[in-house]
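Chains as they are written, first to last, in this note's numbering: chain P, 121 to 448; chain L, 121 to 448.
Glycine included, each C-beta is placed from N, C-alpha and C at the ideal position.
Below is one structure, written out as structure tokens, with a few remarks after it.
Number of protein chains: 2
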Amino acid sequence: MVKVALDALGGDFAPDVVIEGAINAANKDADLHIVLCGPEAEVKAGLEKRGYTGHGISVVDAPDPVAMDEHPVQVLKKKPHSGLVTCVALQKKGMVDASVSAGNSGAMMASCLMLLGKTTEKFGRPPIGCVIPTAEKPIVLVDAGANVDERASVLVDFAIAGSAFAETYFGREKPKVGLVNMGEEEHKGPAVCQEAYQLLKNAPVNFIGNIEGEDLIMGKADVAVTSGFTGNVILKMIEGFYEMHHKMFGNIDSEAGRKFDEMWDYRMTGGALLLGLNGTGIIAHGRSDALAIEKAVEVAAKYARLGVAKTVNARLSEIKDEEAPAQA
Amino acid sequence: MVKVALDALGGDFAPDVVIEGAINAANKDADLHIVLCGPEAEVKAGLEKRGYTGHGISVVDAPDPVAMDEHPVQVLKKKPHSGLVTCVALQKKGMVDASVSAGNSGAMMASCLMLLGKTTEKFGRPPIGCVIPTAEKPIVLVDAGANVDERASVLVDFAIAGSAFAETYFGREKPKVGLVNMGEEEHKGPAVCQEAYQLLKNAPVNFIGNIEGEDLIMGKADVAVTSGFTGNVILKMIEGFYEMHHKMFGNIDSEAGRKFDEMWDYRMTGGALLLGLNGTGIIAHGRSDALAIEKAVEVAAKYARLGVAKTVNARLSEIKDEEAPAQA
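Here's what the structure looks like:
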């Protein structure tokens, strides 16, 4: 049995779509238990209204609402009884295996970082690993937006974490790691990319060199490594492509149309994973609907079952220890 | 009569597709004259082979080939008789109105910068302005890849140049200028973006704030301002998305399908314009086919006729003078 805590008040359309998504996820997987964290009476009324009488969902009272623009650290300090913080606190106590919120993503990151903690202090800046679609297959994008102004060595950490993620989650051996850049040659791009290129040549990953925007979309790499800034632009552009395609063409009723929707609809991705933490913290899209929530819970369960976080952490710890100079 | 010089040996499939594209462009526009710069005998044979006997194309002998990876400044110094350098030199002498090359883009930039010269020394780093498709309408992306590691004030220069470009080329009054960023709020993103945001609030452009990747694709701005690095990733992703879409769906035979092809096919864009130079230098795609070359020449003629470079330069000079402190 895997247990997933879900922030009932997280996201633009909470709690309705969250409750609906939770019910759908619970009904599909008998080996999954969802703990909805939110205002108890309201959440229970929502379950009842939808006729849910199963045992796959329980409710933990967490009445404090969190605004989308509230300062992350303030949320953690002043809103311990919010759905968001409660979700993570339950995992800290060992009562659930993963925590999901579609609410204030900065607050979710801060809560996971402070409550679950980093695997190793040597891993400076935990990134967001996000599964994104390409023409070929889904790949891992890291960092999808947790950090800014990273040093080159931080990009190498991203590569190691992303590589372990892709290996565990997709089951791909020696996943191909590409550095997002503006040219193929190693001397191309900003100073930080040129430096990262040199470091990646000697890093314990299957580094295939620079990938340009087109290579990324065509699926040349299994892991696309980039700054949180560029990663966020990439992620949002992919969402924009999907939205634009649907605006222009609607639903295309063909095998290609269904395959496109399955891969490119942001809701199917189900939420991004914070890497390098002692636990499984999932950030779902702020504008999640019921389907997006259902998928986020589904993916959280899958991450927990596969032990993605554990594998990533083991890899990071190992490598960092090897790299550290021997102490007498 | 507008005159466009075209590098006959520029691009992955030169000179064949270049000659073919030139013929098609010349046949469509009686008021256009194309000067093909390349090995005279070869180019003339190519024209003859295709049965071209019109007066819309002349040939200037420029036998030196330029490799795609040759160092830009070396090309300028050691290959004055290359098609690429000759194209720009003819414009410098006032014999043509615009210069187009699908060859070594760094060498084309360097040639334009050194031979045509910057409008004003105060405009530090001329960017590439590129017309890109969105869900709504074409917009200007600036910088599409000429620079790296820009300071915030350089991004403001890009905004001014891009705004004048959009105004002149699209005929849009007060084009909306957006700063590509990873969030809407002004305190979001890397330090350079936060600083640029503050400068843009007081810049002589219609600044609408930050735009995220999705806003960009949905056409929220008329001008998307970003670093050359991010701009290049954006441009290449758009190309990748078009390529992927065709791979998945083929040609969609509907109004939407035709509109998509017309807007999103990179070949229709026709080449990017170097901004802030005394002249019209066009960088076409390295893998241009005959259609892409035809469109690049067509767009070069349009830029020259509309006086896009002149308007951009006037705007840049004006503003820079206003900004400079008064001298006693």
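- Please say whether residue 258 of chain P and residue 229 of chain P have beta carbons closer to each other than 8 Å? No, these two residues do not count as a Cβ contact at 8 Å.
- Query: Taking 8 Å as the CB-CB cut-off, is residue 444 of chain P touching chain L?
  - Reply: Per-residue confidence for residue 444 of chain P stands at a pLDDT of 46, beneath the threshold of 50, marking its modelled position as unreliable; no derived number is given.
- Query: Are residue 287 of chain P and residue 347 of chain P closer than 8 Å when you measure CB to CB?
  - Reply: no
- Query: So which residues on chain P does residue 392 of chain L lean against when the C-beta distance must stay under 8 Å?
  - Reply: Residues of chain P passing the Cβ test: none, with the nearest at roughly 14 Å.
- Task: Find the residues of chain P that neighbour residue 255 of chain L, judging by a C-beta separation of less than 8 Å, and give them in chain order.
- Result: 360, 363, 364, 367 and 368
- Query: Do the region 296-306 of chain P and the region 326-338 of chain P touch if we need at least three Cβ pairs shorter than 8 Å?
  - Reply: yes
- Quick one: what does DSSP say residue 203 of chain L is sitting in, helix, strand or coil? helix
- Message: Let me check understanding here. Comparing Cα to Cα, which of L/232, L/182, L/436 and L/140 lies closest to residue 171 of chain L?
- Response: It is L/140 whose Cα lies nearest to the Cα of residue 171 of chain L.
- So what's residue 348 of chain P in DSSP terms, helix, strand or just coil? helix
- Task: Give the C-beta separation of residue 481 of chain P and residue 204 of chain P to the nearest angstrom, bearing in mind that I take them to be a contact with Cβ-Cβ under 8 Å.
- Result: What the structure shows of chain P is the stretch from 121 to 448, and residue 481 of chain P is not part of that stretch, so it cannot be assessed.
- residue 329 of chain P CB to nearest chain L CB: under 8 Å? The beta carbon of residue 329 of chain P does not come within 8 Å of any beta carbon belonging to chain L, so the residue lies off that interface.
- CB contact below 8 Å: residue 133 of chain P versus chain L: False, the Cβ-Cβ gap to chain L never drops below 8 Å.
- So residue 364 of chain P and residue 222 of chain L are in contact, right, with Cβ under 8 Å, and what is the actual spacing, rounded? Actually they are not in contact, since the Cβ atoms of residue 364 of chain P and residue 222 of chain L sit about 28 Å apart, beyond 8 Å.
- For the region 197-228 of chain P, which residues have a CB atom closer than 8 Å to at least one CB atom of chain C, in sequence order? Of the protein chains in this structure, namely P and L, none is chain C.
- Quick one: what does DSSP say residue 444 of chain L is sitting in, helix, strand or coil? A caution first: residue 444 of chain L carries a pLDDT of 46, below 50, which makes its placement in the model unreliable, though a value can still be read off. In this structure, DSSP gives residue 444 of chain L a state outside helix and strand, which the three-state scheme calls coil.
- Query: How long is the line joining the alpha carbons of residue 385 of chain P and residue 359 of chain P, rounded to whole angstroms?
  - Reply: The alpha-carbon separation between residue 385 of chain P and residue 359 of chain P amounts to approximately 7 Å.
- C-beta neighbour in chain L for residue 388 of chain P, strict 8 Å: no
- Task: Give a yes or no on whether 8 Å exceeds the smallest Cβ distance from residue 278 of chain P to chain L.
- Result: Answer no: the Cβ-Cβ gap between residue 278 of chain P and chain L never drops below 8 Å.
- is_contact[residue 239 of chain L, chain P] using C-beta, thresh 8 Å: no
- What is the DSSP secondary structure of residue 249 of chain L, counted as helix, strand or coil? strand
- Message: Strictly under 8 Å for the Cβ-Cβ distance: is residue 246 of chain P near chain L by that measure?
- Response: no
- Task: State the Cα-Cα distance for the pair residue 438 of chain L and residue 425 of chain L, rounded to the nearest angstrom.
- Result: Residue 438 of chain L and residue 425 of chain L: Cα-Cα distance of roughly 22 Å.
- Item | Three-state class that DSSP yields for residue 133 of chain L in the structure shown | coil
- Run down chain P in chain order and give the residues with a C-beta less than 9 Å from the C-beta of residue 356 of chain L. 302, 332, 333, 334, 335, 336 and 337
- For residue 353 of chain P, decide whether its Cβ has a neighbour in chain L, counting only Cβ atoms nearer than 8 Å. yes
- Below 8 Å on the Cβ atoms is my guess for residue 131 of chain L versus residue 124 of chain L; work out the distance and round it to an integer in Å. Their Cβ separation, rounded to whole angstroms, is 16 Å, which puts residue 131 of chain L and residue 124 of chain L out of contact at 8 Å.
- Task: Given a cut-off of 8 Å, decide if residue 251 of chain P and residue 343 of chain P are closer than it, judged by their beta-carbon atoms.
- Result: no
- Give a yes or no on whether the C-beta atoms belonging to residue 196 of chain P and residue 227 of chain P are separated by under 8 Å. yes
- Have a look at L/167, L/238 and L/146 and flag the residue whose alpha-carbon is nearest the alpha-carbon of residue 176 of chain L. L/146
- Who are the neighbours of residue 269 of chain L on chain P, taking C-beta pairs under 8 Å? Simply 310 and 311.
- Task: Quick one: using the 10 Å Cβ neighbour count with 16 as the cut-off for buried, is residue 378 of chain P buried or exposed?
- Result: exposed
- So what's residue 395 of chain P in DSSP terms, helix, strand or just coil? coil
- Buried or exposed for residue 214 of chain L, please, with buried defined as at least 16 other CB atoms from any protein chain shown within 10 angstroms of its CB. So residue 214 of chain L ends up on the exposed side.
- Message: Using a Cβ distance threshold of 8 Å, determine whether the region 318-331 of chain L contacts the region 229-243 of chain L, with at least three qualifying pairs required.
- Response: no
- Query: Between the C-alpha atoms of residue 249 of chain L and residue 260 of chain L, what's the straight-line distance to the nearest angstrom?
  - Reply: Using only the alpha carbons, I get a separation of about 6 Å.
- Identify whether residue 381 of chain L lies in helix, strand or coil by the three-state DSSP scheme. helix
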